[in-house]
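For the sequence shown, position 39 (counting from the first letter as 1) is numbered 50 according to the numbering used here, and the numbering increases by one without interruption. Beta carbons: idealized from backbone N, C-alpha and C, even for Gly. Accompanying notes for the structure given below.
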Amino acid sequence: MTPITTNEALQAFCADVASAPFIAVDTEFMRETTYWPKLCLIQAATPEHAAIIDPLADGLDLEPFLAIMRDPAVVKVFHACRQDTEIFVKLGSMPEPIFDTQVAAMAAGFGDQVSYDSLVRQMLRIELDKGSRFTDWSRRPLSDSQLVYALGDVTHLAALYPKLRERLQREGRLDWVMAEMADLSDPALYDTNPENAWKRLKPKKYAAKYLAAFVATAVWRERAAQERDQPRGRILKD
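See below:
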C-alpha cells in the first residue's frame, strides 16, 4: 500500500471522488507535546475509492482535497469529528456539511459517545485490529500493517454512513439529527482566540469576585501556549 505523496496523485484521487455524494474522512496527528496538532495522515474513502494522503510529503499541496472539504455538495463523514475538524479549520477549510457517526449512533440508540470500534462491530459485524493504535504517525516509512489500519478508519466509516442514515430516516429522526450536526460546522466551536479561553473553563459561581483575574490568567495561558506551541497544562494547570 502506497500513500499519496505527489501533487499528481492527489489531483487524480480528488478528481475521482469530487462528484461523490459523501466522503468518509479521518486524520492521524500528534499532539502530546504541542498546542497545535501536527497533521501526519489524512485518510479518505467513498464507496468506490479510498486513499491515504501523506501531508508530510515534500511539496505536497493539499488544496485539491481541501476544496472537497469546503464543497457543500459533498457530505463529510467523521466519527467524533471535533479534533479532525479543528485541523481542517486550522488549514482554512471548514468541512461542511458534516455527518458525525458518533452523534448519529447516539440518536440511533447505540449509547453516548460510542467508540468507532464498537460501532463497526455492532453494525458491520467486523472486529477491527487494534495493533497499530499507538503508532507514532509522524515516523516514515509506515509499515503496510499501519497503513491498512489507518485506511480501515475510513473504509468502514464509508459503509456505516448509509446504514446509519437509513436507520435514522426509518425512525423519523434524520431531520433533527442533521440540524444538530449543522452546529458542528459553526466556526465558534473551534475558536482559538485567547480572549475567549476562559469560557471553556467554567469558573465556579463563588469565584465571581475573582473573575477579572481568572479571565486575565486564562488569556495569558492560552496566548503563551499558542506562541510556544506547548500544551496548556505545561504553561499552567487548570
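- DSSP places A31 outside both helix and strand once states are collapsed to three, so it counts as coil.
- DSSP links A61 through a beta bridge to A56.
- Taking a cut-off of 8 Å for Cβ pairs, the segment 228-240 and the segment 205-214 touch, as three or more such pairs fall below it.
- With 16 or more neighbouring CB atoms inside 10 Å of its own CB, A236 falls in the buried class.
- Take the alpha-carbon of E19 and the one of E182: they are about 44 Å apart.
- In this model, S149 and Y221 are separated by some 42 Å (Cα to Cα).
- Its chain contains L175, L179 and V188 as the residues whose beta carbon lies nearer than 7 Å to that of A115, once the 5 sequence neighbours on both sides are disregarded; these appear in chain order.
- Sequence-distant partners of D140 (beyond 5 residues in either direction) whose C-beta falls short of 7 Å from its own C-beta, in its chain, are Y160.
- In chain order, L175, R178, L179, E182 and R184 place their CB closer than 8 Å to the CB of A119, counting only its own chain and leaving out the 5 sequence neighbours on each side.
- Sorting E74, M105, L200 and D27 by C-alpha distance to the C-alpha of A62 places D27 at the top.
- For T203, the secondary structure class from DSSP, reduced to helix, strand or coil, is coil.
- In this structure the segment 103-111 does not touch the segment 51-68; the number of beta carbon pairs closer than 8 Å is below three.
- Assignment of beta strand (DSSP E) within the segment 147-183, counting only whole runs of 3 or more residues, yields no such run.
- Judged by DSSP in its simplified three-state form, M80 adopts helix.
- Of the candidates T16, T112 and L102, the residue whose Cα lies closest to the Cα of I34 is T112.
- For V88, the enclosing beta strand (DSSP E) starts and ends at V86 to F89.
- With respect to L102, L71 sits apart: the two C-beta atoms are not nearer than 8 Å.
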